[in-house]
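Please read the structure below before turning to the comments.
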Amino acid sequence: EEGLISEQEVRQQEAKVAGAKAQKERLTLQLDLTKRFLHPSALERARATLASAEQELRLAREKLAHCTVTAPVDGLLVYKPVHIGGEFRTVRVGDTIYRNQAFLALPDMTAPLVFCDVPESELSRVRVGAEVVIVPVAYPQMTLSGVVESVGSMAQSMAGRPGWQKYFRVVIGVRESDDRLRGGMSVRASVLSYSNPDARLLPRRAVHWERETAWCDVLRGSTRQRREVKLGQADEQCFEVLEGLEAGERVALP
Numbered sequence: 040e041e042g043l044i045s046e047q048e049v050r051q052q053e054a055k056v057a058g059a060k061a062q063k064e065r066l067t068l069q070l071d072l073t074k075r076f077l078h079p080s081a082l083e084r085a086r087a088t089l090a091s092a093e094q095e096l097r098l099a100r101e102k103l104a105h106c107t108v109t110a111p112v113d114g115l116l117v118y119k120p121v122h123i124g125g126e127f128r129t130v131r132v133g134d135t136i137y138r139n140q141a142f143l144a145l146p147d148m149t150a151p152l153v154f155c156d157v158p159e160s161e162l163s164r165v166r167v168g169a170e171v172v173i174v175p176v177a178y179p180q181m182t183l184s185g186v187v188e189s190v191g192s193m194a195q196s197m198a199g200r201p202g203w204q205k206y207f208r209v210v211i212g213v214r215e216s217d218d219r220l221r222g223g224m225s226v227r228a229s230v231l232s233y234s235n236p237d238a239r240l241l242p243r244r245a246v247h248w249e250r251e252t253a254w255c256d257v258l259r260g261s262t263r264q265r266r267e268v269k270l271g272q273a274d275e276q277c278f279e280v281l282e283g284l285e286a287g288e289r290v291a292l293p
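Position one of the sequence shown corresponds to residue 40 (our numbering), numbered consecutively onward.
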């Protein structure tokens, strides 16, 4: 039975056994290194990724909470016009607004204010404390009283108007309120710039001008007498007569 396996085959099998042992040792060492170093490192990376995701989630929740606007008091919400993309309008879905940019308000309708812009040429007629008659455009039968609270100190231009036309911001306080009033309504405000309860009034239609001299036709029976008059203040309908006419005299209208 000798010579069934040659020495060469024995050496080959011994080499295979040695190679298998070496491979086992390498795999055992690799497994040990993986357990000792690679696995903890991957675990730390996973933990770091989780912590970063949790931080992003926390920040996103904080930002979302800041997107909720809470009203400090009861009232009717009013959107304020702002400059967006070259337009002056209220905000829409998708618009970008910035920190400290006022885009909505809760007006206090128990003490409403009227904001208006007075032309530079009319500024001398407006003073703080002057009486004001206010008529809402939506309710022309409603008449409110007010007083000029402040007159702007800086001239400003208005959108859609020539740049050389200047206006001053005037704030009017409304003395009484009404449940029908809403924030942002348009009103007509007439400032009482002059008052003289004893003034003699002459209709504008009766006044004629010759250069800088004013005159009117005074009726004497069936005749007319031309008479020069000295005029004072005026409104949309009448002039105040300082000299030239007495109360009760009749004048001709065109």
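C-beta atoms are modelled at their ideal positions from N, C-alpha and C, and glycine is treated no differently.
The structure presented is a predicted model; accordingly, all values stated were derived computationally and were not measured.
Consult DSSP for Asp-156 and reduce its assignment to one of helix, strand or coil. DSSP, reduced to helix, strand and coil, places Asp-156 within a strand of the structure shown.
Ordered along the chain, which non-local residues of its own chain (more than five positions away) have a Cβ less than 7 Å from that of Pro-242? Contacts found: Gln-276, Cys-277, Leu-292.
Hey, Glu-188 and Ile-211 are a contact pair by Cβ (cut 8 Å); roughly how many whole angstroms apart? Contact flag correct, Cβ pair sits at about 6 Å.
Between Val-153 and the rest of its own chain, which residues show a CB-CB distance below 7 Å, the 5 nearest in sequence each way excluded? Sequence-distant partners of Val-153 (beyond 5 residues in either direction) whose C-beta falls short of 7 Å from its own C-beta, in its chain, are Ile-173, Gly-185, Ile-211, Val-213, Val-226, Ala-228.
Quick check on the burial criterion: 16 or more other C-beta atoms within 10 angstroms. Buried or exposed for Leu-98? With fewer than 16 Cβ atoms within 10 Å of its Cβ, Leu-98 is classed as exposed.
Cβ of Val-190 within 9 Å of Cβ of Leu-240? Contact: no.
Taking the alpha-carbon of Ser-192 as reference, which of Trp-203, Arg-166, Thr-182 has the nearest alpha-carbon? Out of Trp-203, Arg-166, Thr-182, Arg-166 has the C-alpha closest to the C-alpha of Ser-192.
Is Leu-231 helix, strand or coil when you go by DSSP? Leu-231 falls in the coil class under three-state DSSP.
What is the DSSP secondary structure of Val-213, reduced to helix, strand or coil? DSSP places Val-213 in strand when its eight states are reduced to three.
Reduced DSSP secondary structure (H/G/I, E/B, other) of Pro-175: If DSSP states are grouped into helix, strand and coil, Pro-175 belongs with the strands.
Within 9 Å, strictly: CB atoms of Arg-244 and Val-257: No, the pair does not count as a contact, with Cβ atoms beyond the cut-off.
Which two residues bound the contiguous beta strand (DSSP E) that contains Phe-127? Segment 126-128, the beta strand (DSSP E) holding Phe-127.
In terms of residues, what are the limits of the beta strand (DSSP E) holding Ile-123? For Ile-123, the enclosing beta strand (DSSP E) stretches over residues 121-123.
Just tell me which of Gly-222, Thr-129, Lys-205, Pro-201 has its CA closest to the CA of Ala-150. Looking at the Cα atoms, Gly-222 is the closest of the given residues.
Between the C-alpha atoms of Arg-128 and His-105, what's the straight-line distance to the nearest angstrom? Taking the straight line from one Cα to the other gives about 24 Å.
Are the beta-carbon atoms belonging to Val-230 and Val-268 less than 9 Å from one another? Cβ distance not < 9 Å, so Val-230 and Val-268 don't count as in contact.
Would Arg-284 be called buried (16 or more neighbouring beta carbons within 10 Å of its own) or exposed? Going by the sequence as given, residue 284 is Leu instead of Arg. Of the residues assessed, Leu-284 falls on the buried side of the cut-off, its CB having 16 or more other CB atoms within 10 angstroms.
Excluding the 5 residues preceding and the 5 following Met-197 in the sequence, name in chain order all residues of the same chain whose CB lies nearer than 8 Å to its CB. Asp-156, Gln-204, Tyr-206.
Cα-Cα separation, Gly-199 to Glu-95: Cα to Cα, Gly-199 sits roughly 46 Å from Glu-95.
Under 9 Å, do Leu-89 and Val-112 count as touching if we go by C-beta distance? Cβ atoms of Leu-89 and Val-112: not closer than 9 Å.
Coil, strand or helix - Ala-253 by DSSP: For Ala-253, the secondary structure class from DSSP, reduced to helix, strand or coil, is strand.
Beta-carbon within less than 6 Å of Asp-217's beta-carbon, same chain only, minus the 5 sequence neighbours each way: which residues are those? Within the same chain, and ignoring the five residues on either side of Asp-217 in sequence, no residue has its Cβ closer than 6 Å to its Cβ.
Name the residue from Gly-271, Val-246, Trp-254, His-247 whose alpha carbon lies nearest to the alpha carbon of Asp-237. Measuring from the Cα of Asp-237, the nearest candidate turns out to be Gly-271.
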